[in-house]
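Student: A single structure is presented below for examination.
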Ligand code: NAD
Ligand code: DAU
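Numbering (my numbering), first residue to last: 14 to 373.
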């Protein structure tokens, strides 16, 4: 039975990935989920898998060498899928240091512990051991409007402390591959959306605000472009890269689904009005009048757009979920999981929201 060590599995993409893997492989695999449970990590995301005999949760910090080494010592880990990170650009602008610590140092610890566990006396690595580093298209910087794509060969040009720290972590993975022939892959994916995304990110924040009649804060002119991918298509890509990808390669993941932010916000409003029953009291709150253009994000990247040619041609991956279906699925999920939203927005979230948006 193959054993996966998943870091950050209680977060948005990690928890969707764990669901994807158990749906696909059932009892054929074992997953150990290592997560320190920051504000973004939530065990409620994994309630339906926690009783499985082939699933284990370990609360640990990826920067804690001893804790991570212990997990490798006690388990014969075959695959690492490394999601754990600080992931929100706005938070990185306010507080960069924690991003460097978790994203750069945490990745170094993960690499070192995997290397120590997997390296054989002659310096080679045991067959079948693989490390997948989950990264982002933001490391490539910003594209001009309507012109060009990010390829695996595009030079890195990160602008925010978040993307700089992710770029640093990618460079460490590349260095381990080049120096030690460490068996790894990197995936650089575009913006994900779907269930369990924390409402600091554009789509769940707008859904949550619209339902409660709060302003919809659109940064700058609202015309920044992001390339949106349904989270389960990302989970599938990660699995396919580990199954079929060439070791030491980077694969860009994205589905050619570019949208301006304002289009996303308007789609959310229109979809809510389409789905919400006439007698639902929240319906009266939902209106385009809630849109408020606010001060722009500092260093705001204008456009991201992934060229997924390599993963499609080499591995046969392609996205399955059209945006018009994915956004409906996502909005329905949030409407059906109001308890989840209430739980994650109680406590510190109110303070976060006030701090982040007080001058906007
Ligand atoms: P998230 O913020 O929802 O989840 C991050 C998870 O990591 C949380 O469960 C958190 O508790 C955990 N974590 C944070 N610091 C930790 C530490 N020191 N030790 C152990 N666990 C820790 O993030 P996400 O959106 O699910 O992103 C997951 C990964 O995918 C990140 O590496 C991110 O850079 C990358 N990525 C995200 C997107 C996107 O659109 N969200 C797109 C491309 C790549
Ligand atoms: O591209 C992949 C990246 O996508 C991931 O690596 C990051 O982890 C993930 O957070 C995401 O980064 P973005 O900065 O693109 O996502 P965010 O949801 O924060 O913002 C999307 C766009 O919406 C961006 O142009 C900023 C804008 N925005 C965001 C918020 C939260 C607003 O206009 N208003 C808002 O309140």
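Note that the Cβ used here is the ideal one computed from N, Cα and C, for glycine as well.
Expressed to the nearest angstrom, what Euclidean distance is found between the alpha-carbon atoms of residue 370 and residue 42?
Tutor: Distance between the alpha carbons of residue 370 and residue 42: 43 Å.
Student: Can you find at least 3 beta carbon pairs, one from the segment 255-269 and one from the segment 194-206, that sit closer than 8 Å?
Tutor: The segment 255-269 vs the segment 194-206: in contact.
Student: Residue 255 lies in the alpha helix (DSSP H); which residues open and close that run?
Tutor: 244-257 is the span of the alpha helix (DSSP H), which, as asked, contains residue 255.
Student: CB residue 357 to CB residue 230, shorter than 8 Å?
Tutor: No; because the gap between Cβ atoms is not below 8 Å, this pair is not in contact.
Student: Using DSSP with H/G/I as helix, E/B as strand and the rest coil, what is residue 95?
Tutor: Reduced to three states, the DSSP call for residue 95 is strand.
Student: Looking at C-alpha atoms only, which residue of 74, 132, 243 is the closest neighbour of residue 417?
Tutor: No answer is possible for residue 417: the residues shown for the chain start at 14 and end at 373.
Student: Which residue or residues does DSSP assign as beta-bridge partners of residue 105?
Tutor: The partner list for residue 105 (beta bridge, DSSP) is empty, contrary to what the question assumes.
Student: Can you give me the start and stop residues for the beta strand (DSSP E) that residue 205 sits inside?
Tutor: First-last of the beta strand (DSSP E) with residue 205: 204-206.
Student: Grab me the residues of residue 169's own chain with a C-beta within less than 6 Å of its C-beta, minus the 5 sequence neighbours each way, in chain order.
Tutor: Excluding positions up to five away in sequence, the list reads 152, 180.
Student: To which residues of the same chain is residue 146 closer than 8 Å at the C-beta, ignoring the five residues directly before and after it?
Tutor: Closer than 8 Å at Cβ, skipping near neighbours: 95, 120, 182, 183, 186, 197, 198, 199, 200.
Student: Can you tell me which residues form a DSSP beta bridge with residue 237?
Tutor: Per DSSP, none; premise fails for residue 237.
Student: For residue 293 and residue 299, I'd like the C-alpha separation in whole angstroms.
Tutor: Residue 293 and residue 299: Cα-Cα distance of roughly 11 Å.
Student: Is the beta carbon of residue 230 within less than 7 Å of some heavy atom of the ligand DAU?
Tutor: Correct: residue 230 has its Cβ closer than 7 Å to the ligand DAU.
Student: Expressed to the nearest angstrom, what Euclidean distance is found between the alpha-carbon atoms of residue 190 and residue 34?
Tutor: Cα to Cα, residue 190 sits roughly 26 Å from residue 34.
Student: Is it right to say residue 148 is buried, meaning 16 or more other beta carbons lie within 10 angstroms of its own, or is it exposed?
Tutor: Buried, because 16 or more other Cβ atoms sit within 10 Å of the Cβ of residue 148.
Student: Considering Cα atoms alone, identify which of 246, 203, 348, 91 is closest to residue 385.
Tutor: Lying outside 14 to 373, the shown extent of the chain, residue 385 is not represented and no answer is given.
Student: Residues in the same chain with beta-carbon distance under 7 Å from residue 253, minus the five sequence neighbours each way, listed in chain order, please.
Tutor: Taken in chain order, the residues that qualify are 328, 330.
Student: May I ask whether a heavy atom of the ligand NAD can be found less than 7 Å away from the beta carbon of residue 98?
Tutor: Yes, the ligand NAD has a heavy atom inside 7 Å of this Cβ.
Student: With respect to 7 Å, is the separation between the Cβ of residue 36 and the closest non-hydrogen atom of the ligand DAU below this value?
Tutor: No, since every heavy atom of the ligand DAU falls outside the 7 Å radius drawn around the Cβ of residue 36.
Student: How would you write the range of the beta strand (DSSP E) that residue 149 sits in, first residue to last?
Tutor: Run containing residue 149: 143-149, per the beta strand (DSSP E) assignment.
Student: Could you have a look at residue 304 and say whether DSSP puts it in helix, strand or coil?
Tutor: Three-state result, residue 304: strand.
Student: Could you compute how far the alpha carbon of residue 311 sits from the alpha carbon of residue 158?
Tutor: Approximately 18 Å between the Cα atoms of the pair.
Student: With residue 38 and residue 251 assumed to form a contact (beta carbons below 8 Å), what rounded beta-carbon distance in angstroms separates them?
Tutor: Not quite, the Cβ-Cβ distance comes to about 13 Å (not below 8 Å), so this is no contact.
Student: Counting beta carbon pairs with one atom in the segment 62-76 and one in the segment 107-121, are three or more of them shorter than 8 Å?
Tutor: As far as the Cβ criterion goes, the segment 107-121 touches the segment 62-76, which means the pair count is three or higher.
Student: Among 314, 281, 291, 287, whose alpha-carbon lies nearest the alpha-carbon of residue 303?
Tutor: Cα-wise, what sits closest to residue 303 is 281.
Student: When the Cα of residue 139 is compared with those of 150, 361, 61, 89, which residue comes out closest?
Tutor: Of the listed residues, the one whose Cα sits closest to residue 139 is 89.
Student: Tell me the DSSP secondary structure of residue 230 in three-state form.
Tutor: Residue state, collapsed to three classes: strand.
Student: Beta-carbon within less than 6 Å of residue 167's beta-carbon, same chain only, minus the 5 sequence neighbours each way: which residues are those?
Tutor: For residue 167, where only same-chain residues beyond five positions count, the Cβ hits under 6 Å are 153.
Student: Does the beta-carbon of residue 185, which I'm using as the reference point, lie nearer than 7 Å to any heavy atom of the ligand NAD?
Tutor: No, the ligand NAD has no heavy atom inside 7 Å of this Cβ.
Student: Any heavy atom of the ligand DAU inside 7 Å of the beta-carbon of residue 257?
Tutor: Residue 257 Cβ: outside cutoff for every heavy atom of the ligand DAU.
Student: Residue 62 by DSSP, collapsed to three states: which one?
Tutor: In this structure, residue 62 counts as coil in the three-state DSSP scheme.
Student: Enumerate in chain order the residues of its own chain whose CB-to-CB distance from residue 50 is below 8 Å, with the five nearest sequence positions on each side excluded.
Tutor: Once the five neighbours on either side are set aside, the close Cβ partners of residue 50 are 23, 56, 72.
Student: Spatial neighbours of residue 155 within its chain, please: C-beta separation below 6 Å, excluding the five flanking residues on both sides.
Tutor: Answer for residue 155: 314, 315, listed in chain order.
Student: Classify residue 134 as buried or exposed, calling it buried when 16 or more other Cβ atoms lie within 10 Å of its own Cβ.
Tutor: The residue in question, residue 134, is exposed, as its Cβ has fewer than 16 Cβ neighbours within 10 Å.
Student: Excluding the five sequence neighbours on either side, which residues of its own chain have a C-beta within less than 8 Å of the C-beta of residue 17, listed in chain order?
Tutor: These residues qualify, in order along the chain: 34, 42, 43, 44, 45, 90, 91, 92, 93, 94.
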